[in-house]
Structures are given as structure tokens and as C-alpha cells.
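One point on numbering: in this note's numbering, the residue at position 13 of the sequence shown is 14, and numbering is uninterrupted. For glycine and all other residues, C-beta sits at the position ideal for the given N, C-alpha and C. Read the structure below first, then the notes.
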Amino acid sequence: MAAKRPFSAKIKDDMEKEKPPWWQGPRGEGYVIIQFMLFGIVFFAPKSWPGWPAWMPPWSIMGIVIGLLLGGVGGLLILAGLMSLGGNLTAVPRPIENGKMVRSGAYKLVRHPIYSGIIIGAVGYALLQNGIFTLGYALILFFFFDIKSRREEQWLCEKYADYPVYQQQVKKLIPFVY
Numbered sequence: 002m003a004a005k006r007p008f009s010a011k012i013k014d015d016m017e018k019e020k021p022p023w024w025q026g027p028r029g030e031g032y033v034i035i036q037f038m039l040f041g042i043v044f045f046a047p048k049s050w051p052g053w054p055a056w057m058p059p060w061s062i063m064g065i066v067i068g069l070l071l072g073g074v075g076g077l078l079i080l081a082g083l084m085s086l087g088g089n090l091t092a093v094p095r096p097i098e099n100g101k102m103v104r105s106g107a108y109k110l111v112r113h114p115i116y117s118g119i120i121i122g123a124v125g126y127a128l129l130q131n132g133i134f135t136l137g138y139a140l141i142l143f144f145f146f147d148i149k150s151r152r153e154e155q156w157l158c159e160k161y162a163d164y165p166v167y168q169q170q171v172k173k174l175i176p177f178v179y
């Protein structure tokens, strides 16, 4: 008969098991928390250095026109991504248990159309606001979504055997570029 292990050994074994950091959560909940904090920064943090003048024409006019265009494109990309995902949609990066891999609709254009739309929309918003800081916040969003999508794609590769082929065929965040 095997000797019974002491309770302290069981606790030690449990502690040594690989667990995600407390802020990350088993399905990537921490990424969602950080994401919404970044949204708050984009919309509510200072747009530019205090006392700096707004962009002067023609830059301000171009900013408005390009900002509206990018905002529209970003919004459409988000909407198309949501519609393409359908029942596979989840707020966290880990794919749902009985989901299916989506390669149609917006997912033919870019692997993460919702993230792409948010980034493009944030750049458009920054141009509308004449906000040099807000452009920087949009760049931070880009880097954040690049990091978040790396983790998400690890899970997608584990779940779907043909995901690596899809990665080779379709760009990650910027259609036709990256």
C-alpha cells in the first residue's frame, strides 16, 4: 500500500502547476480589462500638449476628412467582423469551446478585423480631434492588439489544425500589410 502524501506536499504541487498570472485569467480576461482601460485613455486622456495650438488648415481640414473616412472604415470593419463571427463571438481571446474557425467575410481580408477596425477607428478619431497624443494612444492600441492577438493565435493554433495555413494566407492586423 502506498504511503499517503502529506497535505503540505499536495499544496506545494498545486502551487507549482503552471497557471496564468492573476491578471490574465485562464481565458485571457486580463487582456479585456487592459483593452477597456486603453479605450478610456483614447477617449478621455489629453488629446494634445496643454497650450499647443490645434492643427492649422490645410492639416486640420485633411485631418477631419481622413479622420471621418478612417472612422467609417474602422466601424465597417468592426461590424463586418462581428457579423462574420456570429455565434463564435466571445469577449475574451480564448476561442469558445464548440466554435468553428471563421475564414469568410471580413476574415478573408484580415485575421483580426475587429481589432483592425478599432485601431483604424482610433487613428481616425485622433485625426478628428487634432490630437497628437491621441495618435500615440492609437499606436499603443496597435501594439496592444498585436500582443493580444499573439496569445489568441496560440490558442487558435491549438484548437484548429489548419489555422497556421490561414496565418500564412491572410495578414494579421493591417489588411494587405501586416
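Closest by C-alpha distance to residue i, when choosing among the options
i	options	result
I141	F40, R95, R28 and G29	F40
R28	F45, L129 and E153	E153
W56	I133, G137, F143 and K173	I133
N181	L69, N89 and A81	Outside the displayed span of the chain (2 to 179) sits residue 181, for which this structure offers no information.
I121	P58, L77, I65 and L71	L71
Residue i - containing alpha helix (DSSP H), residue span
i	result
K160	I133 to K160
W60	W60 to L86
G125	P114 to L129
F44	E30 to F45
P165	Y164 to Q170
Check whether residue i and residue j have beta carbons under 9 Å apart
i	j	result
F145	H113	no
G118	G75	yes
S150	Y108	no
I139	A162	According to the sequence displayed, residue 139 carries Ala and not Ile. Contact flag unset, no.
V111	Y32	no
V178	Y126	no
Length of the line joining the Cα atoms of residue i and residue j
i	j	result
I62	M102	42 Å
G73	T135	18 Å
G82	G106	7 Å
Outcome for residue i when other beta-carbon atoms lying within 10 angstroms are tallied against a minimum of 16
i	result
F45	exposed
V66	exposed
P51	exposed
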